[in-house]
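First up is the structure itself, then whatever we jot down about it.
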Amino acid sequence: MSTSTSQPDTANTTHQGGRETGPDQSTWLATLEAAGQLRRLREAFKKSIPPRIVETGPVKENILEGDDIDLSQFPVPKWQGADGGRYNDTK
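Residue 154 is where the sequence shown starts when you use the working numbering, and the numbers rise one by one after that.
Here's what the structure looks like:
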């Protein structure tokens with residue numbers, strides 16, 4: 154565990170006459186835009202569309218069962234050359 158104290162990031166802070174005046178306008182606008190997007194997303198989740206169960210459709214065109222199942226057909230990444238193989242739970 155580190156005990157060092159670090160200074161706050163001032164990369165997006167406006168300075169005037171040697172004193173800090175706060176975040177610059179682009180930082181504030183980005184923050185406000187993100188807050189607006191979050192608000193719209195929350196509202197969208199409140200109006201969710203219920204699922205519709207169907208008998209046919211494109212999602213049911215390719216069904217593999219039993220010995221026809223081959224997990225190596227999934228696009229699973231192999232991140233490092235020294236990995237023992239591909240890992241289905243990687244993100």
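Built from N, CA and C at the ideal position, the CB exists for glycine as well. Note that the coordinates shown come from a computational prediction; the quantities given were computed from them, not determined experimentally.
Roughly how many whole angstroms lie between the Cα atoms of K213 and L224? On the sequence shown, position 60 is the one that residue 213 refers to. On the sequence shown, position 71 is the one that residue 224 refers to. Taking the straight line from one Cα to the other gives about 18 Å.
Taking only three categories from DSSP, how would you classify D213? Taking the first residue of the sequence shown as position 1, residue 213 is located at position 60. In the sequence under discussion, the amino acid at residue 213 is Lys, which differs from the Asp named in the question. K213: helix per DSSP, three-state reduction.
With respect to the alpha helix (DSSP H) encompassing A187, which residues constitute its N-terminal and C-terminal limits? The count along the sequence shown starts at 1 and reaches residue 187 at position 34. Its alpha helix (DSSP H) spans residues 178 to 199.
Hey, how far is the Cα of S159 from the Cα of G219? The residue you call residue 159 lines up with position 6 of the sequence shown. The residue you call residue 219 lines up with position 66 of the sequence shown. Any reading at S159 must be qualified, since the residue scores a pLDDT of 48, below 50, and its modelled position is unreliable; no value is offered.
Please determine whether the Cβ atom of D221 lies at a distance below 7 Å from any heavy atom of the ligand PLP. The ligand PLP is not part of this structure, which contains no ligands at all.
C-alpha distance - R239 paired with K231, whole-angstrom precision: Counting from one through the sequence shown, the residue named residue 239 turns up at place 86. Counting from one through the sequence shown, the residue named residue 231 turns up at place 78. Roughly 5 Å separates the two Cα atoms.
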